[in-house]
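Novice: Shown below is the structure under consideration.
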Amino acid sequence: MGNSKSSASDPFAAALRLLTRRDRSEAELREKLLQFGFSAAAVNDTLAKCREYAYLDDRRYALERARSLLRSGRGVGRKVLLDLRRRGIEESTAEQALENASSEFDSADLLRDQLQRRFPDFAYATADERQRRRVIGFFQRRGFTLGEIFAILKENHD
Numbered sequence: 004m005g006n007s008k009s010s011a012s013d014p015f016a017a018a019l020r021l022l023t024r025r026d027r028s029e030a031e032l033r034e035k036l037l038q039f040g041f042s043a044a045a046v047n048d049t050l051a052k053c054r055e056y057a058y059l060d061d062r063r064y065a066l067e068r069a070r071s072l073l074r075s076g077r078g079v080g081r082k083v084l085l086d087l088r089r090r091g092i093e094e095s096t097a098e099q100a101l102e103n104a105s106s107e108f109d110s111a112d113l114l115r116d117q118l119q120r121r122f123p124d125f126a127y128a129t130a131d132e133r134q135r136r137r138v139i140g141f142f143q144r145r146g147f148t149l150g151e152i153f154a155i156l157k158e159n160h161d
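If you use this note's numbering, the sequence shown corresponds to residues 4 to 161, in order.
See below:
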């Protein structure tokens with residue numbers, strides 16, 4: 004086992020180690036601590052302590068995760084919601100985080116940026132059907148709507 008002897012029996016120390024690597028949702032941290040073999044009661048006490056010290060905050064985590072997904076172009080809209088739900092974020096918290104983060108970004112600009120970075124030589128007017136499907140599918144999987152995708156793909160090719 005990779006745990007040191009001094010913290011192997013201390014769920015709070017284990018939680019701090021996990022949280023210093025990266026921020027986590029409460030559900031993610033709970034799952035990890037239970038996997039380490041800590042009792043449910045010890046995990047609940049540890050999570051309460053982490054919340055008390057503001058080391059653990061699902062609202063903050065959800066907003067930062069949503070911002071990160073949007074900024075990197077890895078997700079918008081429903082894709083962000085799915086990601087947050089998968090990480091154990093409550094529906095209303097996930098929706099609020101997406102709404103707040105989305106107000107900071109323009110999805111058309113995000114799509115344009117990703118198009119330029121991922122497909123710099125793509126031209127909708129001259130692309131064959133296979134190339135078009137590939138590019139459109141890429142953006143759909145990231146949560147962009149067909150309307151958004153076609154608007155950007157065709158804007159310079161009238």
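Each residue gets a CB set at the ideal place from its N, CA and C atoms; glycine is no exception.
If you drop the 5 nearest sequence neighbours on each side, which residues of the same chain put their C-beta closer than 7 angstroms to that of Leu-113?
Specialist: The answer, listed in chain order, is Leu-73, Gly-76 and Val-79.
Novice: Closest to Gly-146 by C-alpha separation, out of Leu-66, Ala-111 and Tyr-127, would be which residue?
Specialist: Nearest option by C-alpha distance: Ala-111.
Novice: With a 10 Å radius around its C-beta and 16 neighbouring C-beta atoms as the bar for buried, classify Arg-33 as buried or exposed.
Specialist: Buried.
Novice: Tell me the DSSP secondary structure of Thr-96 in three-state form.
Specialist: Three-state result, Thr-96: helix.
Novice: In chain order, what residues of the same chain have a beta carbon less than 8 angstroms from the beta carbon of Lys-82, not counting five sequence neighbours either side?
Specialist: Counting only Cβ-Cβ distances below 8 angstroms, and skipping sequence neighbours, we find Leu-72, Arg-144, Arg-145 and Gly-146.
Novice: Quick check on DSSP: helix, strand or coil for Leu-59?
Specialist: Three-state result, Leu-59: coil.
Novice: Given this structure, state the Cα-to-Cα distance separating Phe-15 from Ala-43, to the nearest angstrom.
Specialist: Going from the Cα of Phe-15 to the Cα of Ala-43 covers about 13 angstroms.
Novice: The alpha helix (DSSP H) that contains Pro-14, what's its start and end?
Specialist: Counting along the chain, the alpha helix (DSSP H) containing Pro-14 begins and ends at 14-24.
Novice: Between Tyr-56 and Glu-158, what straight-line distance do the alpha-carbon atoms span, to the nearest angstrom?
Specialist: Going by the C-alpha atoms only, they are around 50 angstroms apart.
Novice: Could you check where the alpha helix (DSSP H) with Val-138 kicks off and where it finishes?
Specialist: Looking at the DSSP string, the run of the alpha helix (DSSP H) that includes Val-138 is 132-144.
Novice: Which residues in the same chain as Gln-117 place their Cβ atom closer than 6 angstroms to its Cβ, once the five residues preceding and following it in sequence are excluded?
Specialist: Here the set comprises Gly-76.
Novice: Give the secondary structure of Gly-150 by DSSP, where H, G and I count as helix, E and B as strand, and everything else as coil.
Specialist: Helix.
Novice: Is DSSP giving Glu-67 helix, strand or coil here?
Specialist: Glu-67: helix per DSSP, three-state reduction.
Novice: Leaving out five residues before and five after Ala-104 in sequence, what residues of the same chain have Cβ atoms less than 7 angstroms from its Cβ?
Specialist: Hits under 7 angstroms: Leu-66, Ala-69, Arg-70 and Leu-73.
Novice: Would DSSP call Glu-29 helix, strand or coil?
Specialist: DSSP places Glu-29 in helix when its eight states are reduced to three.
Novice: Whose C-beta lies closer than 7 angstroms to the C-beta of Tyr-3 among residues of the same chain, with five residues either side of it excluded?
Specialist: The question about residue 3 has no answer, for the chain in this structure spans 4 to 161.
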